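The numbering used here applies: residue 11 is where the sequence shown begins, and numbers increase by one.
For every residue, glycine included, the Cβ atom is placed at its ideal position computed from N, Cα and C.
These numbers were taken from a predicted model, which means no experiment stands behind them.
Notes to accompany the following structure.
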Amino acid sequence: MLRIMRKLAVNALKSPSLCSEPFKRVYFQKTKMRVLSVTQHNCSLRNYSSPPGDVKSLRSVINPHLSRIRNIGIMAHIDAGKTTTTERMLYYSGYIRTLGDVDDGDTVTDFMVQERERGITIQSAAVTFDWKDYRINLIDTPGHVDFTVEVERCLRVLDGAVAVFDASAGVEAQTLTVWRQADKHQIPRICFLNKMDKNRASFTYAVESIKQKLKTKPLLLQLPIGEAKTFRGLVDVVTKEQIVWKPTSDLDDGKNFEQKLLLEADDPNLFQEVQDARNTLIEQVADLDDQFAELVLGEYSENFDLIPADKLWSAIRRVTLAQKAVPVLCGSALKNKGVQPLLDAITMYLPAPNERSYEFLQWYKDDLCALAFKVLHDKCRGPLVFVRVYSGSLKPQSAVYNINKSCTERISRLLLPFADQQIEIPSLMPGNIALTVGLKQSATGDTIVSSKASAVAAARRAGRDAGREKWSTSDVESLLLAGVEIPDPVFFCTIEPPSMARQQDLDNALSCLQREDPSLKVKLDPDTGQTILCGMGELHIEIIHDRIRREYGIETYLGPLQVAYRETILNAAQATDTLDKTVGDKRHLVTAELEVRPRLGERATTKPIIEYAASVTEALPKELQGAVENGITNSCIQGPLLGFPVQDIDVTVQSLMVHPDTSHTMVSACLSRCMQKALKKGGIQILEPLMKLEITVSEDHLSAALADLAQRRGSIQEIQSRQDNRVVVAAVPLAEMMGYSTVLRSLTSGSATFTLELASYQALNSQEQSALLQRRMGLV
Numbered sequence: 011m012l013r014i015m016r017k018l019a020v021n022a023l024k025s026p027s028l029c030s031e032p033f034k035r036v037y038f039q040k041t042k043m044r045v046l047s048v049t050q051h052n053c054s055l056r057n058y059s060s061p062p063g064d065v066k067s068l069r070s071v072i073n074p075h076l077s078r079i080r081n082i083g084i085m086a087h088i089d090a091g092k093t094t095t096t097e098r099m100l101y102y103s104g105y106i107r108t109l110g111d112v113d114d115g116d117t118v119t120d121f122m123v124q125e126r127e128r129g130i131t132i133q134s135a136a137v138t139f140d141w142k143d144y145r146i147n148l149i150d151t152p153g154h155v156d157f158t159v160e161v162e163r164c165l166r167v168l169d170g171a172v173a174v175f176d177a178s179a180g181v182e183a184q185t186l187t188v189w190r191q192a193d194k195h196q197i198p199r200i201c202f203l204n205k206m207d208k209n210r211a212s213f214t215y216a217v218e219s220i221k222q223k224l225k226t227k228p229l230l231l232q233l234p235i236g237e238a239k240t241f242r243g244l245v246d247v248v249t250k251e252q253i254v255w256k257p258t259s260d261l262d263d264g265k266n267f268e269q270k271l272l273l274e275a276d277d278p279n280l281f282q283e284v285q286d287a288r289n290t291l292i293e294q295v296a297d298l299d300d301q302f303a304e305l306v307l308g309e310y311s312e313n314f315d316l317i318p319a320d321k322l323w324s325a326i327r328r329v330t331l332a333q334k335a336v337p338v339l340c341g342s343a344l345k346n347k348g349v350q351p352l353l354d355a356i357t358m359y360l361p362a363p364n365e366r367s368y369e370f371l372q373w374y375k376d377d378l379c380a381l382a383f384k385v386l387h388d389k390c391r392g393p394l395v396f397v398r399v400y401s402g403s404l405k406p407q408s409a410v411y412n413i414n415k416s417c418t419e420r421i422s423r424l425l426l427p428f429a430d431q432q433i434e435i436p437s438l439m440p441g442n443i444a445l446t447v448g449l450k451q452s453a454t455g456d457t458i459v460s461s462k463a464s465a466v467a468a469a470r471r472a473g474r475d476a477g478r479e480k481w482s483t484s485d486v487e488s489l490l491l492a493g494v495e496i497p498d499p500v501f502f503c504t505i506e507p508p509s510m511a512r513q514q515d516l517d518n519a520l521s522c523l524q525r526e527d528p529s530l531k532v533k534l535d536p537d538t539g540q541t542i543l544c545g546m547g548e549l550h551i552e553i554i555h556d557r558i559r560r561e562y563g564i565e566t567y568l569g570p571l572q573v574a575y576r577e578t579i580l581n582a583a584q585a586t587d588t589l590d591k592t593v594g595d596k597r598h599l600v601t602a603e604l605e606v607r608p609r610l611g612e613r614a615t616t617k618p619i620i621e622y623a624a625s626v627t628e629a630l631p632k633e634l635q636g637a638v639e640n641g642i643t644n645s646c647i648q649g650p651l652l653g654f655p656v657q658d659i660d661v662t663v664q665s666l667m668v669h670p671d672t673s674h675t676m677v678s679a680c681l682s683r684c685m686q687k688a689l690k691k692g693g694i695q696i697l698e699p700l701m702k703l704e705i706t707v708s709e710d711h712l713s714a715a716l717a718d719l720a721q722r723r724g725s726i727q728e729i730q731s732r733q734d735n736r737v738v739v740a741a742v743p744l745a746e747m748m749g750y751s752t753v754l755r756s757l758t759s760g761s762a763t764f765t766l767e768l769a770s771y772q773a774l775n776s777q778e779q780s781a782l783l784q785r786r787m788g789l790v
């Protein structure tokens, strides 16, 4: 069969009559499905472990109407059921034929080997599917804090999000983190209370935790029928319809359910509960939406039951888009219950791209404006860049201009993403997300426009709106779409190839991985010449090491994990330095005097605040200012004590004398040397990363976990109750958390879980600082 299909595909290039839509068919085998994709340019047989079920229908509407598009993300704490929920959405929409399972390692969006081995999401995956005449571009994001940048850059380009909660745990640590990220990007959300079938699941508890911890107003659109083992369905509060899933065979895939109006005779208690919930919902929405309030107080003031469902739906949608409240739904993705109503809610309540307002669009008019937000490396096609188009359109074989990199590139192909597989498309219209092939320079956070002339025209419009007759550099910078905020890494270690002959291969692999993952930092130790790998956590570095071995075939050696400390100063200090060198027939002479001071009470930052004395401001040429600031900033990258970044300092340039022939490089070198002198005089203080630790543990093992924390210099902040468990919130130095997962499993017989995220940097006491210095110098 495979040989016949290949022969047909090759013959199709010779016979145009065969290159028609009926020829692009989906063939099924016993265990694997193969999709035959034929175009005028290439003819290839691609293997899909879980491909689109109907390629023809997906291609027939490549660019649906803007109002029919939903760009959404699935976000949640670890193990809340994000990937399983995504898998069920794909199944019910008809784009996969069998249900995958995270434990079996055969889900569509967890396609990396590392994800399938560990049963966690590491890399966000995009899938495109249709649901009832709507095109849904969905991104499944990781829940682990080590990969929080993946969530950040995806939320940057999405229009709405589904927050998934474990109904037995409510709001957890990482839920708060992703919720704050969504707040930052002002993204409307829907809450899905998953795992209603789980032991100790509580709808009331989960809703209350959303209200208390997330400080938002939940709108209950559904009520569960039963909880834990008795969970069998739900009731739609708006329509008062009950939906009960009844398995008709051993294969309970959730497609068969009974939907009918809930009557008082069916269940008087449930009927009254739904009636009260609907009245409460109407009152909540009326308080938040004036248009609906007028309707309620007018013709329907006597009887809320007469309010039409469509009027209530419209009001809930307006409230959700205004981010005044969040709709709450429930179900069990693993047990195939509640996912179809969730898909309906996504299309009904979350915004279309044209319902989000973006100030920058007024400057671009109908010209292309797109954001590159993620890069994947393909061994055959090179870098594949995910882009979100905000205005204009993209077509294959077209040239585009990258404003950030100030370069022109050419897009060779456009691909519609389906996890690790793609379908080629002829164009990309506003509001859509797709993969581009051919962009060699573009990276995460880059703004892409049609041409340099288009960027200049947009800058002129931005300048006019700002009241300036001539456009300036700041106007061009205002055109840049907000990029992604990358947190500083907290762990680092050395990485070495098996031999010097493989060093170049390793450098190439690390370069590709850095472009894919902006939170991964690679630097060269100037003293030892070793390559330093910096990451967000133990798991992050472990995954990178594993990917280098599997994907690039390099057996690298990792040094011991070390903590990324910081340095600061204790006291204000002044220093003077003179650089006098003659190179050729030119004399380079610089004399500088600086004052450094510790900064108090502000957000920790490694970028110094630079000020100038009045006499310096008057005499300093503008072209030298960049060289001065360069020298000062570069000297803060490596502190004078242990070479860690210096943070929280203010610098004042007291005096500066520069000989006319002096180069900018010499000015920077003099300022850098002067800064090092001033920092040493100010007295260096080492800062260590302090982590926020949240442990969920049973009552039986609570004392053992607390005793262990006391030995790790941990400070207990609070102990909360979560159903039958205890949640310990503590602040612990990162240096004490090496290998903590193994220790906690041993102490609690594998029943406890924990999350760890960076809270702040705190000063080491003198005894600990001395011990650290001795260890670094090899004396201990």
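DSSP beta-bridge partners for residue i?
i: ASN775; result: DSSP lists no partner for ASN775.
i: PHE139; result: ILE146
i: SER342; result: LYS347
i: ILE79; result: ARG145
i: LEU599; result: ASP590
i: HIS387; result: PRO393
i: ALA211; result: According to DSSP, which records beta bridges pairwise, ALA211 is partnered with nothing at all.
i: GLN584; result: GLU605
i: ILE659; result: PRO608
Excluding the 5 residues preceding and the 5 following residue i in the sequence, name in chain order all residues of the same chain whose CB lies nearer than 6 angstroms to its CB.
i: LYS690; result: PRO650
i: ASN185; result: Contrary to the premise, residue 185 reads as Thr rather than Asn in this sequence. Only HIS87 meet the Cβ criterion.
i: GLU533; result: Checking the sequence, you will find Lys at residue 533 rather than Glu. Same-chain partners within the cutoff: ILE542.
Using only CA atoms, which one of the options lies nearest to residue i?
i: GLN252; options: ARG560, THR586 and PRO351; result: PRO351
i: ALA135; options: CYS164, LYS142, GLY692 and SER521; result: CYS164
i: PRO393; options: PRO508, ASP527 and MET122; result: ASP527
i: ARG328; options: VAL295, ALA173, ILE696 and GLN648; result: VAL295
i: LYS265; options: ASN279, TYR400, LEU273 and THR108; result: THR108
i: PHE157; options: ARG736, ILE496, THR672 and LEU568; result: ILE496
i: VAL737; options: ALA171, GLY104 and ALA179; result: ALA179
i: SER665; options: ASN204, VAL159, SER625 and LYS270; result: SER625
i: ARG145; options: GLY104, LEU305 and VAL174; result: GLY104
i: ARG723; options: ILE705, ASP710 and MET747; result: MET747
i: ALA629; options: GLY641, ALA519, VAL118 and MET667; result: MET667
i: ASP286; options: VAL137, MET510 and GLN232; result: GLN232
i: ASP430; options: GLN772, THR765 and VAL137; result: VAL137
i: LEU766; options: GLY153, GLN133, GLN282 and ASP140; result: GLY153
Please go through the same chain and pick out, in chain order, the residues whose beta-carbon is closer than 7 angstroms to the beta-carbon of residue i, but skip the five residues on each side of it.
i: VAL112; result: THR93, THR94, ASP120 and GLY129
i: LEU523; result: LEU530, ILE554 and ARG557
i: VAL753; result: ASP718
i: ASP299; result: ALA325, ARG328 and VAL329
i: SER770; result: ALA614 and LEU700
i: LEU686; result: In the sequence as displayed, the identity of residue 686 is Gln instead of Leu. Here the set comprises SER645 and PRO650.
i: LEU2; result: This structure cannot settle anything about residue 2, because the visible part of the chain is limited to 11 through 790.
Between the alpha carbons of residue i and residue j, how many angstroms are there, rounded?
i: ARG78; j: ILE443; result: 14 angstroms
i: SER422; j: ALA332; result: 39 angstroms
i: GLU621; j: VAL661; result: 6 angstroms
i: LEU203; j: LYS142; result: 23 angstroms
i: SER761; j: ASN581; result: 48 angstroms
i: ASP276; j: ASP315; result: 19 angstroms
i: SER342; j: THR187; result: 23 angstroms
i: PHE501; j: GLU698; result: 11 angstroms
i: LYS223; j: TRP189; result: 10 angstroms
i: LEU344; j: TYR359; result: 24 angstroms
i: VAL48; j: ALA303; result: Low confidence applies here, because VAL48 scores a pLDDT of 28, under 50, leaving its location unreliable; read the following figure in that light. Their Cα atoms are separated by approximately 56 angstroms.
Take residue i and list the residues in its own chain whose beta-carbon comes closer than 8 angstroms to its own, dropping the five residues that flank it on each side.
i: THR592; result: HIS598
i: ASP671; result: LYS596, ARG597 and HIS598
i: LEU425; result: LEU394, GLN432, ILE433, GLU434, ILE435, ALA444, LEU445, THR446 and VAL447
i: PRO508; result: ILE564, GLU565, THR566 and TYR567
Quick test of the definition: if touching needs 3 or more C-beta pairs under 8 angstroms, does the region 463 to 471 touch the region 362 to 380? yes
Could you tell me whether the region 451 to 470 touches the region 395 to 413, using the rule of 3 or more Cβ pairs below 8 angstroms? yes
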